[in-house]
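Student: What follows is a single structure, and I will ask about it in a moment.
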Amino acid sequence: MNRTILSVRGLHVCFFLRGRTLHALRGIDLDVYEGESLAIVGESGSGKSVLNKNFIGLLDQNGRITEGSIRYYGMYDKMKHNPAGGTDEEGRPYCDLAKIARREDWLRIRGSEICMIPQDPMTSLNPLKTIGWQISEALMLHHGMKGQMAKDETLHILEEVRIDHPEKRYHQYPHELSGGMRQRIVIAIAIACQPKILICDEPTTALDVTIQAQVLELLKELKSKYNLTIIFITHDLGVVASIADRVAVMYAGDIVEIGMAEEIFYEPRHPYTWALLSSLPQLGQRGEELYAIKGTPPNLFTEIQGDAFAARNPHALKIDHLEQPPYFDVSPTHRARTWLLDERAPKVEPPPALKKLRTLGGAVHD
Amino acid sequence: MLQYLGKRVLRSILTLFIILCVVFILVRQMPIEGYFPNYQKMTEEQLKNGIHQMGLDQPMIVQLYGFFKNLILHGDLGTSRIYRNNVPVAEILAPKIPISVRLGALSILFSMLVGLPMGTLMAKYKGRFFDHLGTGFIVLIQAVPAAVYYLVIQLYGTELLHIPMLFKVNNPVSWVLPVFSMSLGNIAYYAMWLRRYMVDESNKDYVTLARIKGAGENRIMFRHVFRNAFVPMAQYLPTSFLNTVIGSIYIESLYSIPGMGGLLVDVIKKQDNAMIQAIVLLFATVGIIGLLLGDLMMVLLDPRISFTKKGGDR
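Top to bottom, those sequences are chains A and B. My numbering puts the first sequence at residues 1 to 366. My numbering puts the second sequence at residues 1001 to 1314.
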């Protein structure tokens, strides 16, 4: 296992809305390892995006980290004299992203250390600036490149993300390019920043299926080339299967299960993961209705008692309604937050349909 | 682009022609009494003579032909008969135009120099003290009738700053108060719209990407948001442009400025046909040039707008 590059401990984030408090993240623990690709899955509103926005300091104005730490280990001792800097028990210097207060400090992290590819490439580029200008800007901001040097590097990056006729594209404007091309430009901008961690916020949702595959292929390639650590935010399990080393399943502002991709797909332990996987259309039986999780996620304005998924969980135990389960280790790399893993719990078998995933195996890791 | 411009200019000339025809015919529908201040005391003979002198007894089409023949072949705008007795229109307008234009141009320049930075800062400090201060100023300017603060400026400006009350072309100090008064409305206007467009722009996704890229707030405001917010501002250019020549009747009369302010209304009241036609021609030309400039500016600023592409042709 590689070294940890990002370590989140007990992270709580609240949003304050007209005098009410929305508890969006409820104690996240997460380690991200250098060079891996981690997928964070979960339905809309589970807190995937909120979690990742903390890493680049772009939480909405009314949101605040109320508790917890986010240790980023990529900057070595650059933050030695910063109040957010520090050294952990093993003597590794880190920067606590939860403690960064000044805008200038974020400017040293955003882009050059941690970068993000936003969801919609159609609106993410400045319509009045040329492609070349927008990529060069990143080069200028982080590497002080100017003039011909910046141009040469920009053309190189354009080739890198497989844009044809880079010289021509350099002078074009975003509206002259297709959606897939714009997504590549956005990726090119991220690459130009040379970050250590790249967060991809549903990078393929806005694209059609063929382009999706190309973009994922490109990301894989760039990841190994630049030794990127990639965090995917997605609710597309197909994307997860094709690219992720590890998977974290989020529900109602908490990570309910995390493990290697194979472990999550083949040996899921949390009832929510079962439900999520069961809703894969590939598992549907001809002539039968596709599986859908009943009910709605809990209201995060109110304090949650016990397991957040209990109300929608057909296998819920009595204790699920009373007390939040701790993490139970399934393997050194796999743990889940469900009372079903407690030794006193009754034996509950995962839905039989999930067994098909094993036989479909090829489809998962193609 | 050039082809488009050519087409645009031709169409503008056609528009001018139509405007002139309409105005020409309209002013000739006014009652004959209006042409003669002492109509009551005039005899039948005198009236006939007067109308013949003005050429009003000829058929409309002949009058129209004569007007355009003089205008195009000799650049002759006609002669004022009532506003001033028997003086060529060109001679009356010639000294007035440069004064109004200079006054107006200075005022536009000043309003941009103040209004645009003000709008930018208001957007940058949205919801903070400066924004509230600016909003207060804008509301004040928009809500209080202009004549009121014009008077206040004249009163206190002349009293406290010892600026001469009457306008003299050669005395630069005497320009200060009129230009300042003229600018206030535009400052509020520019600041209000620029703030609004900049706030709109700063909520867009590309600004988030710029932030993710690691661009600082100042860089985002000036290099990304400002230009994008400025594009829709281009539509205000024609009106501003037109206002420079029309002049302000209030301000020009407050400071006794011999400009164009209120001139059109004046000559319509006096039914001085030649003057009306000439002034309409002037205003329409300036208005059309303003529109053209506004469109050109949009094209220069926004690569998505194109004159030459199909469908881009308006």
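Here a beta-carbon is modelled for each residue, glycine too, at the ideal position from N, C-alpha and C. Here the structure is a predicted model, which is why all the values come from computation and not from measurement.
Using C-beta distances below 6 Å, list every residue in its chain close to ILE1187 (chain B), excluding the 5 sequence neighbours before and after it, in chain order.
Tutor: Start at 1 with the first residue of the second sequence, and residue 1187 (chain B) comes out as number 187. Cβ neighbours of ILE1187 (chain B) beyond the five flanking positions: SER1111, VAL1114 and GLY1115.
Student: For LYS294 (chain A), which residues of its own chain have a beta-carbon under 7 Å away from its beta-carbon, when the five flanking residues on both sides are left out?
Tutor: For the purposes of this step, residue 294 (chain A) is taken as the residue at position 294 of the first sequence. ARG312, listed in sequence order.
Student: Are the CB atoms of VAL186 (chain A) and LEU216 (chain A) nearer to each other than 8 Å?
Tutor: Numbered from 1 along the first sequence, position 186 holds the residue referred to as residue 186 (chain A). Numbered from 1 along the first sequence, position 216 holds the residue referred to as residue 216 (chain A). Against a cut-off of 8 Å, the Cβ pair of LEU216 (chain A) and VAL186 (chain A) comes out as no contact.
Student: Over what stretch of residues does the beta strand (DSSP E) that includes VAL13 (chain A) continue unbroken?
Tutor: Reading the first sequence from its first residue, position 13 is the one you call residue 13 (chain A). Segment 4–17, the beta strand (DSSP E) holding VAL13 (chain A).
Student: Please classify THR1015 (chain B): does DSSP put it in a helix, a strand, or coil?
Tutor: On the second sequence, residue 1015 (chain B) is found 15 positions in, with the first residue counted as 1. In this structure, THR1015 (chain B) counts as helix in the three-state DSSP scheme.
Student: What residue from A:ILE5, A:ARG18 and A:LEU317 has the CA that sits closest to CYS95 (chain A)'s CA?
Tutor: Residue 95 (chain A) sits at position 95 when you count from the first residue of the first sequence. Considering only alpha carbons, the answer is A:ILE5.
Student: Check whether the Cβ of HIS270 (chain A) lies closer than 7 Å to any heavy atom of the ligand ADP, and answer yes or no.
Tutor: Ligands are entirely absent from the displayed structure, and the ligand ADP is therefore not among its contents.
Student: Decide yes or no for the touch test of the segment 1214–1230 of chain B against the segment 132–142 of chain A: beta carbon pairs closer than 8 Å, at least 3 of them.
Tutor: Yes, the segment 1214–1230 of chain B touches the segment 132–142 of chain A.
Student: Which same chain residues, not among the five before or five after ILE1305 (chain B), have their C-beta less than 6 Å away from its C-beta?
Tutor: Residue 1305 (chain B) sits at position 305 when you count from the first residue of the second sequence. Around ILE1305 (chain B): MET1298 and VAL1299.
Student: Quick check on DSSP: helix, strand or coil for GLY1066 (chain B)?
Tutor: For this step, residue 1066 (chain B) is matched to residue 66 along the second sequence. Reduced to three states, the DSSP call for GLY1066 (chain B) is helix.
Student: Please report the residue range of the alpha helix (DSSP H) in which ALA1215 (chain B) lies.
Tutor: Position 215 of the second sequence holds residue 1215 (chain B). ALA1215 (chain B) -> no alpha helix (DSSP H), and no H or E assigned at all.
Student: Apart from the five residues on each side of it in sequence, which residues of its chain come closer than 7 Å, Cβ to Cβ, to HIS365 (chain A)?
Tutor: Taking the first sequence and counting its residues from 1, one reaches residue 365 (chain A) at position 365. At HIS365 (chain A) the pLDDT is 47, less than 50, meaning the model places this residue with poor confidence; the figure from the coordinates comes in the next sentence. Correct list, in chain order: ALA241.
Student: So for ARG1314 (chain B), helix, strand or coil by DSSP?
Tutor: Here residue 1314 (chain B) is taken as the residue at index 314 of the second sequence, counted from 1. Residue confidence is low: ARG1314 (chain B) scores 39 on pLDDT, short of 50, so the model does not pin down where it sits. No coordinate-derived value is stated.
Student: On a Cα-Cα basis, can you pick out the residue from A:GLU176, A:ILE255, A:GLY284 and A:GLN194 that is closest to ASP31 (chain A)?
Tutor: Residue 31 (chain A) sits at position 31 when you count from the first residue of the first sequence. ASP31 (chain A) has its Cα closest to that of A:ILE255, out of A:GLU176, A:ILE255, A:GLY284 and A:GLN194.
Student: Got a sec, what are the start and stop residues for the alpha helix (DSSP H) GLU217 (chain A) sits in?
Tutor: Counting from one through the first sequence, the residue named residue 217 (chain A) turns up at place 217. GLU217 (chain A) -> alpha helix (DSSP H) spans 209–226.
Student: Per the contact definition of three or more C-beta pairs closer than 8 Å, is the segment 105–116 of chain A in contact with the segment 186–205 of chain A?
Tutor: These segments touch.
Student: Find the residues of chain B that neighbour HIS142 (chain A), judging by a C-beta separation of less than 9 Å, and give them in chain order.
Tutor: Taking the first sequence and counting its residues from 1, one reaches residue 142 (chain A) at position 142. The answer, in chain order, is LYS1213 and GLY1214.
Student: Starting from MET116 (chain A), find everything on chain B with Cβ-Cβ shorter than 7 Å and list it in chain order.
Tutor: For this step, residue 116 (chain A) is matched to residue 116 along the first sequence. Going along chain B in sequence order, the residues near MET116 (chain A) (Cβ under 7 Å) are ILE1212.
Student: For MET260 (chain A), which of helix, strand or coil comes out of DSSP?
Tutor: The residue labelled residue 260 (chain A) in the question sits at position 260 within the first sequence. Reduced to three states, the DSSP call for MET260 (chain A) is strand.
Student: Beta-carbon within less than 8 Å of HIS175 (chain A)'s beta-carbon, same chain only, minus the 5 sequence neighbours each way: which residues are those?
Tutor: For the purposes of this step, residue 175 (chain A) is taken as residue 175 along the first sequence, with counting starting at 1. Result list for HIS175 (chain A): PRO127, in chain order.
Student: Give me, in chain order, the residues of the same chain whose beta-carbon lies closer than 6 Å to that of PRO166 (chain A); leave out the 5 immediate sequence neighbours on both sides.
Tutor: Here residue 166 (chain A) corresponds to residue number 166 of the first sequence, with the count starting at 1. Around PRO166 (chain A): LEU155, LEU158 and GLU159.
Student: Going by DSSP in three states, GLY1185 (chain B) sits in which element: helix, strand or coil?
Tutor: Residue 1185 (chain B) sits at position 185 when you count from the first residue of the second sequence. In the structure shown, GLY1185 (chain B) sits in a helix (DSSP, three-state: H, G or I).
Student: Can you list, in chain order, the residues of its chain with a C-beta nearer than 6 Å to that of LEU340 (chain A)? Leave out the 5 residues immediately preceding and following it.
Tutor: By 1-based counting over the first sequence, the position of residue 340 (chain A) is 340. Same-chain partners within the cutoff: VAL348.
Student: In the DSSP assignment, find the beta strand (DSSP E) that holds GLU67 (chain A) and state where it starts and stops.
Tutor: Residue numbering aside, residue 67 (chain A) sits at position 67 when the first sequence is read from its first letter. That run of the beta strand (DSSP E) goes 63–72.
Student: Kindly list, in the order they appear in chain A, the residues whose Cβ is closer than 7 Å to that of LYS1204 (chain B).
Tutor: For the purposes of this step, residue 1204 (chain B) is identified with residue 204 of the second sequence, where counting begins at 1. In chain order: THR123.
Student: Since CYS193 (chain A) contacts GLY111 (chain A) with CB under 8 Å, what's their CB separation in whole angstroms?
Tutor: Sequence index remark: in the first sequence, residue 193 (chain A) carries index 193 (1-based). Sequence index remark: in the first sequence, residue 111 (chain A) carries index 111 (1-based). With a Cβ gap of about 4 Å, CYS193 (chain A) and GLY111 (chain A) count as contacting.
Student: Report yes or no: do three or more beta-carbon pairs, one from the segment 1262–1276 of chain B and one from the segment 1018–1035 of chain B, lie closer than 8 Å?
Tutor: Short answer: they touch.
Student: Note the first and the last residue of the continuous beta strand (DSSP E) segment covering HIS23 (chain A).
Tutor: Taking the first residue of the first sequence as position 1, residue 23 (chain A) is located at position 23. 20–33 is the span of the beta strand (DSSP E), which, as asked, contains HIS23 (chain A).
Student: Considering only residues of the same chain and omitting the five flanking positions on each side of ILE370 (chain A), which have a CB-CB separation below 6 Å?
Tutor: Absent from the model: residue 370 (chain A). The displayed extent of chain A is 1 to 366, so no value can be given.
Student: Mark THR87 (chain A) as exposed unless 16 or more other C-beta atoms lie within 10 angstroms of its C-beta, in which case mark it buried.
Tutor: Within the first sequence, numbered from 1, the residue matching residue 87 (chain A) stands at position 87. Counting Cβ neighbours within 10 Å, THR87 (chain A) comes out exposed, since fewer than 16 surround it.
Student: Suppose you measure from the CA of GLY259 (chain A) to the CA of LYS53 (chain A); what does that come to, to the nearest Å?
Tutor: The residue given as residue 259 (chain A) occupies position 259 in the first sequence. The residue given as residue 53 (chain A) occupies position 53 in the first sequence. Between GLY259 (chain A) and LYS53 (chain A), the C-alpha separation is close to 22 Å.
Student: Could you compute how far the alpha carbon of ALA292 (chain A) sits from the alpha carbon of MET1192 (chain B)?
Tutor: Within the first sequence, the letter at position 292 stands for residue 292 (chain A). Within the second sequence, the letter at position 192 stands for residue 1192 (chain B). In a straight line, the C-alpha of ALA292 (chain A) is about 50 Å away from that of MET1192 (chain B).
Student: Give the residues of chain A in contact with ASP1382 (chain B), contact being defined as C-beta atoms less than 8 Å apart.
Tutor: Summary: the structure shown does not reach residue 1382 (chain B), with chain B confined to residues 1001 through 1314, and so no result is reported for it.
Student: Got a sec: is the Cβ-Cβ distance from SER112 (chain A) to anything in chain B below 8 Å?
Tutor: Residue mapping note: residue 112 (chain A) aligns to position 112 of the first sequence, counting from 1. Yes, SER112 (chain A) lies at the interface with chain B (some Cβ there is under 8 Å from its Cβ).
Student: I need the DSSP call for LEU198 (chain A), collapsed to helix, strand or coil.
Tutor: Residue numbering aside, residue 198 (chain A) sits at position 198 when the first sequence is read from its first letter. Reduced to three states, the DSSP call for LEU198 (chain A) is strand.
Student: Using CA coordinates, which residue listed in B:SER1240, B:VAL1265 and B:PRO1238 is at the minimum distance from ILE944 (chain B)?
Tutor: With chain B represented from 1001 up to 1314, any question about residue 944 (chain B) goes unanswered, as that position is not in the structure.
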